[in-house]
Amino acid sequence: AQSVTQLDSHVSVSEGTPVLLRCNYSSSYSPSLFWYVQHPNKGLQLLLKYTSAATLVKGINGFEAEFKKSETSFHLTKPSAHMSDAAEYFCVVTYPGGEKLTFGTGTRLTIIP
Amino acid sequence: KAGVTQTPRYLIKTRGQQVTLSCSPISGHRSVSWYQQTPGQGLQFLFEYFSETQRNKGNFPGRFSGRQFSNSRSEMNVSTLELGDSALYLCASSLLAGGSTDTQYFGPGTRLTVL
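Quick mapping for you: the protein sequence lines, in order, are chains A and B.
Under the working numbering, the final residue of the first sequence carries the number 113; numbering is consecutive throughout.
Under the working numbering, the final residue of the second sequence carries the number 1115; numbering is consecutive throughout.
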């Protein structure tokens, strides 16, 4: 069975400081991992995805994530937070031959001016 | 290229009624998946259609059903609405069938409120 755990339901950072959103996965197979962002009253937008190529994945808007198999983690980072980053972030897992995406419970990111 | 569109964006219904939601995927995409998002349960998979066939179904009662047309547009139907069906219903499309590493692109969702 596959699952993801987002370790923080809410993260607050000051504008201009680094962002770290944590995600651990559980999968019996080599997973594909995604981070999606959801702004209020909007659908989900793909930030980045890992599909067994480079372990450090760069996404849109300055976000990146590193796949660490030994730690079963896929944490999302950004060097400098911007007010527009305030949103909910979802870590998602699937695997080749699997049948659906499995979503984490989400992390709400608040940016303090 | 136009994104995934969902209609209507907002719906208010009463208990016992039924509702139909529509999703138009990105042109060329043959897979459409539906998700329910609620504050309590988060994002849950409802079902996926690929080339007019339901490939997979989540753990929802039979009141939830769907279909896909030859142009890949999909509809989702919920019969005998219950208060707990109030949610944001999201549709996602992808080129390939679910379970691949293909990216799913999400629509803005339909906000259903059941009174």
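The C-beta atom is built at its ideal place from N, Cα and C for all residues, glycine as well.
Quantities reported herein were computed from a predicted structural model and do not represent experimental measurements.
Minimum Cβ-Cβ distance from residue i to chain B less than 9 Å
| i | result |
| --- | --- |
| Leu-21 of chain A | no |
| Phe-34 of chain A | yes |
| Gly-43 of chain A | yes |
| Lys-69 of chain A | no |
| Lys-78 of chain A | no |
| Leu-46 of chain A | yes |
Reduced DSSP category for residue i - H, G, I as helix; E, B as strand; rest coil
| i | result |
| --- | --- |
| Ser-1065 of chain B | strand |
| Ile-60 of chain A | helix |
| Gly-1084 of chain B | helix |
| Ser-1072 of chain B | coil |
| Ser-9 of chain A | coil |
| Ser-3 of chain A | strand |
| Val-84 of chain A | Residue identity differs from the one stated: residue 84 of chain A is Ser in this sequence, not Val. DSSP places Ser-84 of chain A in helix when its eight states are reduced to three. |
| Ala-1092 of chain B | strand |
| Ser-1033 of chain B | strand |
| Val-1004 of chain B | coil |
| Asn-41 of chain A | coil |
First and last residue of the uninterrupted beta strand (DSSP E) at residue i
| i | result |
| --- | --- |
| Ala-65 of chain A | 64 to 68 |
| His-75 of chain A | 73 to 78 |
| Gln-1015 of chain B | Reading the sequence as shown, one finds Arg at residue 1015 of chain B and not Gln. It is not in any beta strand (DSSP E) - Arg-1015 of chain B carries neither H nor E in the DSSP assignment. |
| Gln-45 of chain A | 44 to 50 |
| Glu-1048 of chain B | 1042 to 1050 |
| Tyr-125 of chain A | Given that chain A is displayed from residue 1 to residue 113, the structure contains no residue 125 of chain A and the question cannot be resolved. |
Distance CB(residue i)-CB(residue j) smaller than 9 Å
| i | j | result |
| --- | --- | --- |
| Tyr-1089 of chain B | Gln-1068 of chain B | no |
| Leu-21 of chain A | Leu-101 of chain A | no |
| Ser-14 of chain A | Ile-111 of chain A | yes |
| Gln-1006 of chain B | Thr-1080 of chain B | no |
| Pro-113 of chain A | Pro-18 of chain A | no |
| Ala-1092 of chain B | Leu-1112 of chain B | no |
| Phe-67 of chain A | Thr-77 of chain A | no |
| Phe-1064 of chain B | Asn-1056 of chain B | no |
| Leu-44 of chain A | Lys-58 of chain A | no |
| Gly-1028 of chain B | Leu-1096 of chain B | no |
| Thr-105 of chain A | Gly-1042 of chain B | yes |
| Ser-1074 of chain B | Trp-1034 of chain B | yes |
Cutoff 9 Å: residue i Cβ touching any chain A Cβ
| i | result |
| --- | --- |
| Tyr-1049 of chain B | no |
| Val-1032 of chain B | no |
| Thr-1103 of chain B | yes |
| Pro-1025 of chain B | no |
| Ala-1130 of chain B | It is not possible to answer for residue 1130 of chain B, since the shown part of chain B is limited to 1001 through 1115. |
| Pro-1061 of chain B | no |
| Gly-1028 of chain B | no |
| Leu-1043 of chain B | yes |
Contacts of residue i in chain E (Cβ-Cβ under 9 Å)
| i | result |
| --- | --- |
| Leu-56 of chain A | Among the chains of the structure shown, chain E does not appear; the protein chains present are A and B. |
Any non-hydrogen atom of the ligand FAD within 8 Å of residue i CB
| i | result |
| --- | --- |
| Val-11 of chain A | No copy of the ligand FAD occurs in the structure displayed, which carries no ligand at all. |
Cβ neighbour criterion (16 or more within 10 Å) applied to residue i
| i | result |
| --- | --- |
| Gly-1016 of chain B | exposed |
| Ser-32 of chain A | buried |
| Gln-1037 of chain B | buried |
| His-82 of chain A | exposed |
| Ser-1072 of chain B | buried |
| Thr-107 of chain A | buried |
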